[in-house]
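Numbering (the working numbering), first residue to last: 138 to 234.
The beta carbon of each residue, even a glycine, is placed where N, CA and C say it ideally should be.
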Amino acid sequence: MNKTLLLEGFRWMFILLVACVIILYGYQRFLLHSSIETSLQTVSPDSTIIGIIQTHTTDNKEKVYEALYKTTDGKCYRASFERKGRTFIGNQEASCE
138 MNKTLLLEGF RWMFILLVAC VIILYGYQRF LLHSSIETSL QTVSPDSTII GIIQTHTTDN
198 KEKVYEALYK TTDGKCYRAS FERKGRTFIG NQEASCE
């Protein structure tokens, strides 16, 4: 078997593997954003998510997701969500910057 043909095959397999990882990461990110947005709409309808911090450790060493969102009246809040079920835990007022 030709050595360059083998190396060419490995190169394309590596490119395909990297592309699959990127696509899976994007899909997981989309699912995370969608589920947090759905949970947030039950608490604050018509709010807009500004950003999501994926892992934040609370004072009792529990890891949660945090999302910064803006309401229709212009106030910003930081909401916490469970990591597994992405259910709403609580929120606090925050700066919009």
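Quick one: measure Cβ to Cβ for residue i and residue j, integer angstroms, because I've assumed they're closer than 8 Å.
| i | j | result |
| --- | --- | --- |
| alanine 204 | isoleucine 160 | Contact flag wrong, Cβ pair sits at about 24 Å. |
| isoleucine 189 | histidine 170 | 7 Å |
| tyrosine 206 | serine 176 | Incorrect: roughly 11 Å between the Cβ atoms, too far for contact. |
DSSP three-state label for residue i, please.
| i | result |
| --- | --- |
| glutamate 145 | helix |
| glutamate 174 | helix |
| cysteine 233 | coil |
| lysine 140 | helix |
| glycine 227 | strand |
Give a yes or no on whether the minimum CB-CB distance between residue i and chain D is below 8 Å.
| i | result |
| --- | --- |
| lysine 140 | Included in the structure is just one protein chain, with no chain D present. |
Measuring alpha carbon to alpha carbon, tell me which of the options ends up nearest residue i.
| i | options | result |
| --- | --- | --- |
| arginine 236 | Pro182, Arg148, Gln229 and Arg223 | A query on residue 236 cannot be resolved here, the shown segment of the chain reaching from 138 to 234 and no further. |
| phenylalanine 218 | Pro182, Lys212, Thr194 and Tyr164 | Thr194 |
Would residue i and residue j be called neighbours here (beta carbons separated by less than 8 Å)?
| i | j | result |
| --- | --- | --- |
| phenylalanine 225 | valine 180 | yes |
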